[in-house]
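Undergrad: Here the protein sequences line up with chains A and B, keeping their order. Following the working numbering, the numbering of the first sequence begins with 4 at its first residue and continues without gaps. Following the working numbering, the numbering of the second sequence begins with 4 at its first residue and continues without gaps. Even glycine gets a Cβ: it sits at the ideal position worked out from N, Cα and C. Submitted below is the structure of interest, expressed as structure tokens.
Number of protein chains: 2
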Amino acid sequence: MEIQTNAMNRLDEFGIKPSLQRIAVMNYLLNNYTHPTADTIFNDLYLSIPTLSKTTVYNTLKLLAKHGVIIEITIDDKNVRYDANITKHAHFKCKNCGCVIDISIKNFKMMTMKKIGNLEITESHLYYKGYCEKCNKNSFNIL
Amino acid sequence: MEIQTNAMNRLDEFGIKPSLQRIAVMNYLLNNYTHPTADTIFNDLYLSIPTLSKTTVYNTLKLLAKHGVIIEITIDDKNVRYDANITKHAHFKCKNCGCVIDISIKNFKMMTMKKIGNLEITESHLYYKGYCEKCNKNSFNIL
DNA sequence: TATTATAATTGTAATAATTACAAATTTGTT
DNA sequence: AACAAATTTGTAATTATTACAATTATAATA
Chain A
4 MEIQTNAMNR LDEFGIKPSL QRIAVMNYLL NNYTHPTADT IFNDLYLSIP
54 TLSKTTVYNT LKLLAKHGVI IEITIDDKNV RYDANITKHA HFKCKNCGCV
104 IDISIKNFKM MTMKKIGNLE ITESHLYYKG YCEKCNKNSF NIL
Chain B
4 MEIQTNAMNR LDEFGIKPSL QRIAVMNYLL NNYTHPTADT IFNDLYLSIP
54 TLSKTTVYNT LKLLAKHGVI IEITIDDKNV RYDANITKHA HFKCKNCGCV
104 IDISIKNFKM MTMKKIGNLE ITESHLYYKG YCEKCNKNSF NIL
């Protein structure tokens with residue numbers, strides 16, 4: 004399981020006690036930058052860990068997000084997506100196919116503010132919606 | 004009902020056929036820039052329109068959002084919030100008291116792009132989370 | 001090592017926001 | 001007035017997430 008040492012290190016860095024399940028979730032996110040939902044993560048991991056519970060996946064994701072190891076993406080009302088990329092970046096969601104992709108930010112002054120007036124800022128999220136290249140080409144978005 | 008002419012005009016502008024319910028919802032949002040949820044809107048309007056159905060509120064909000072008369076705010080996973088302020092601005096949510104407030108943007112180049120590479124952008128959302136002035140003062144956010 | 005305490009995981013049931021859908025009502029048209 | 005189309009309503013279904021108690025695993029101590 005040499006591949007999972009990255010996951011263990013990442014948990015260690017943020018002071019999270021490792022467990023089989025936590026390492027599996029962390030490892031999954033480190034290898035799948037597709038912004039998966041809790042359900043997707045559960046279904047994929049369940050194949051190799053048949054004793055896994057969906058509650059554990061939810062608990063673990065919440066724990067990781069609380070410690071800042073991962074980011075919760077609420078780009079739509081359906082379900083939360085998760086991202087192990089904790090560097091400053093934006094997200095795009097295609098209104099047709101539903102894919103969520105990373106957008107790099109050049110001038111990210113707006114995303115790094117720790118204070119706005121008397122507000123104390125702990126998180127910044129920049130979300131774009133529209134149509135991805137593929138869906139745009141296929142003209143699904145023309146009414 | 005002179006106050007509701009604004010609501011009617013707004014619907015007209017966007018080519019939405021007015022109805023008692025649609026005008027009521029539109030009027031509510033034009034007079035409550037508190038980013039209310041569908042449930043809040045329903046409960047408040049229900050007092051003066053006892054025949055109102057929650058489904059109608061959801062249908063109407065979806066219709067208005069589709070036509071761009073209002074904006075859907077998905078700043079958290081709990082529920083969608085609605086905003087009749089369609090000028091470019093950001094939103095802040097307090098992690099303690101849950102209030103959602105408007106943030107004005109000075110340099111909003113990032114929020115007005117119509118294209119990013121081959122992506123066609125139709126919506127941009129900038130969300131901040133943290134602690135508002137009141138909650139900050141009360142030190143609720145200190146672990 | 002055996003025992004006890006603590007923490008993590010599991011499974012099920014509950015919650016809550018939203019949507020589907022068919023019936024009823026309203027509105028617009030000939 | 002009669003008919004068609006659009007809108008509203010109420011209820012039931014769906015689905016993501018959480019609550020919670022029981023079980024299992026891990027760590028600490030004797």
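Check Val83(B) in the structure and name its three-state DSSP category.
TA: In the second sequence, residue 83(B) corresponds to position 80, counting from 1. Val83(B) falls in the coil class under three-state DSSP.
Undergrad: From the DSSP secondary-structure annotation, give me the bridge partner or partners of Leu14(B).
TA: One-based indexing of the second sequence puts residue 14(B) at position 11. Per DSSP, none; premise fails for Leu14(B).
Undergrad: With DSSP collapsed to three states, give me the class of Phe111(A).
TA: By 1-based counting over the first sequence, the position of residue 111(A) is 108. Here Phe111(A) sits in coil by DSSP.
Undergrad: Would you give the residue range spanned by the alpha helix (DSSP H) that Ile78(B) belongs to?
TA: Taking the second sequence and counting its residues from 1, one reaches residue 78(B) at position 75. No alpha helix (DSSP H) contains Ile78(B), which DSSP labels as neither H nor E.
Undergrad: Between Asn139(A) and chain B, is any beta-carbon pair separated by less than 8 Å?
TA: Along the first sequence, one-based indexing puts residue 139(A) at 136. Closer than 8 Å to some Cβ of chain B, the Cβ of Asn139(A) qualifies, so yes.
Undergrad: Out of Leu50(B), Lys137(B), Arg84(B), state which residue places its alpha-carbon closest to the alpha-carbon of His40(B).
TA: Residue 40(B) sits at position 37 when you count from the first residue of the second sequence. Note that residue 40(B) is Thr in the sequence shown, not His. Looking at the Cα atoms, Arg84(B) is the closest of the given residues.
Undergrad: Asn82(A) to Asp80(B), Cα distance in whole Å?
TA: Residue mapping note: residue 82(A) aligns to position 79 of the first sequence, counting from 1. Residue mapping note: residue 80(B) aligns to position 77 of the second sequence, counting from 1. If I take the Cα positions, the gap works out to 7 Å.
Undergrad: Taking contact to mean 3 or more Cβ pairs, one atom from each stretch, closer than 8 Å, check whether the segment 59-68 of chain B and the segment 88-107 of chain B are in contact.
TA: With a cut-off of 8 Å, the segment 88-107 of chain B and the segment 59-68 of chain B do not count as touching, because too few Cβ pairs lie within range.
Undergrad: Just curious, the beta strand (DSSP E) that Leu129(B) is in, first and last residue?
TA: To locate residue 129(B), count along the second sequence from 1; it is residue 126. Per DSSP, Leu129(B) belongs to the beta strand (DSSP E) from 122-134.
Undergrad: Taking Cβ-Cβ distances shorter than 8 Å, what residues in chain B pair up with Ile119(A)?
TA: In the first sequence, residue 119(A) corresponds to position 116, counting from 1. The answer, in chain order, is Phe95, Ile106, Tyr131.
Undergrad: Tell me which same chain residues have a C-beta within less than 7 Å of the C-beta of Leu32(A), skipping the five on either side of it?
TA: Taking the first residue of the first sequence as 1, we reach residue 32(A) at position 29. Taken in chain order, the residues that qualify are Ile73, Tyr85, Ala87.
Undergrad: Is the CB of Leu122(A) under 8 Å away from at least one CB in chain B?
TA: If you number the first sequence from 1, residue 122(A) lands on position 119. Cβ-Cβ to chain B under 8 Å: yes for Leu122(A).
Undergrad: Roughly how many angstroms lie between the CA atoms of His38(B) and Phe95(B), to the nearest whole one?
TA: To locate residue 38(B), count along the second sequence from 1; it is residue 35. To locate residue 95(B), count along the second sequence from 1; it is residue 92. Answer to the nearest angstrom: the Cα atoms are 11 Å apart.
Undergrad: State the Cα-Cα distance for the pair His92(B) and Glu123(B), rounded to the nearest angstrom.
TA: In the second sequence, counting from the first residue as 1, residue 92(B) sits at position 89. In the second sequence, counting from the first residue as 1, residue 123(B) sits at position 120. Whole-angstrom Cα-Cα distance: 20 Å.
Undergrad: Given this structure, state the Cα-to-Cα distance separating Ser22(A) from Phe45(A), to the nearest angstrom.
TA: Start at 1 with the first residue of the first sequence, and residue 22(A) comes out as number 19. Start at 1 with the first residue of the first sequence, and residue 45(A) comes out as number 42. C-alpha separation (whole angstroms): 16 Å.
Undergrad: Is there a Cβ from chain B that is less than 8 Å from the Cβ of Val72(A)?
TA: Stepping through the first sequence from its first residue, residue 72(A) is reached at position 69. For Val72(A), the answer is no, since every Cβ of chain B falls outside 8 Å of its Cβ.
Undergrad: Taking Cβ-Cβ distances below 9 Å as the criterion, which residues of the segment 9-25 of chain B are in contact with chain A?
TA: Result list empty, no residue passes.
Undergrad: Check the DSSP bridge columns for His70(B) and list the partner residues they point to.
TA: As a position in the second sequence, residue 70(B) is number 67, starting the count at 1. According to DSSP, which records beta bridges pairwise, His70(B) is partnered with nothing at all.
Undergrad: Please state the DSSP three-state secondary structure of Thr37(B).
TA: To locate residue 37(B), count along the second sequence from 1; it is residue 34. DSSP places Thr37(B) in coil when its eight states are reduced to three.
Undergrad: Would you mind giving the Cβ-Cβ distance between Tyr130(B) and Ile78(B), rounded to the nearest angstrom? I have them listed as a contact below 8 Å.
TA: Taking the first residue of the second sequence as 1, we reach residue 130(B) at position 127. Taking the first residue of the second sequence as 1, we reach residue 78(B) at position 75. The pair is a contact, with the Cβ atoms about 5 Å apart (cut-off 8 Å).
Undergrad: If you measure between the beta carbons of Gln24(B) and Leu55(B), is that distance less than 8 Å?
TA: Stepping through the second sequence from its first residue, residue 24(B) is reached at position 21. Stepping through the second sequence from its first residue, residue 55(B) is reached at position 52. For Gln24(B) and Leu55(B), yes; Cβs fall inside 8 Å.
Undergrad: To which residues of the same chain is Met113(B) closer than 8 Å at the C-beta, ignoring the five residues directly before and after it?
TA: On the second sequence, residue 113(B) is found 110 positions in, with the first residue counted as 1. So the list reads Ser127, Leu129, once near-sequence residues are dropped.
Undergrad: Check for me: the beta strand (DSSP E) holding Cys100(B) runs from which residue to which?
TA: Taking the first residue of the second sequence as 1, we reach residue 100(B) at position 97. Per DSSP, Cys100(B) belongs to no beta strand (DSSP E) and is neither H nor E.
Undergrad: Where does Ile76(A) land, buried or exposed, given buried means 16+ other C-beta within 10 angstroms?
TA: Against the first sequence, residue 76(A) aligns to sequence position 73. By the 10 Å Cβ count, Ile76(A) comes out buried.
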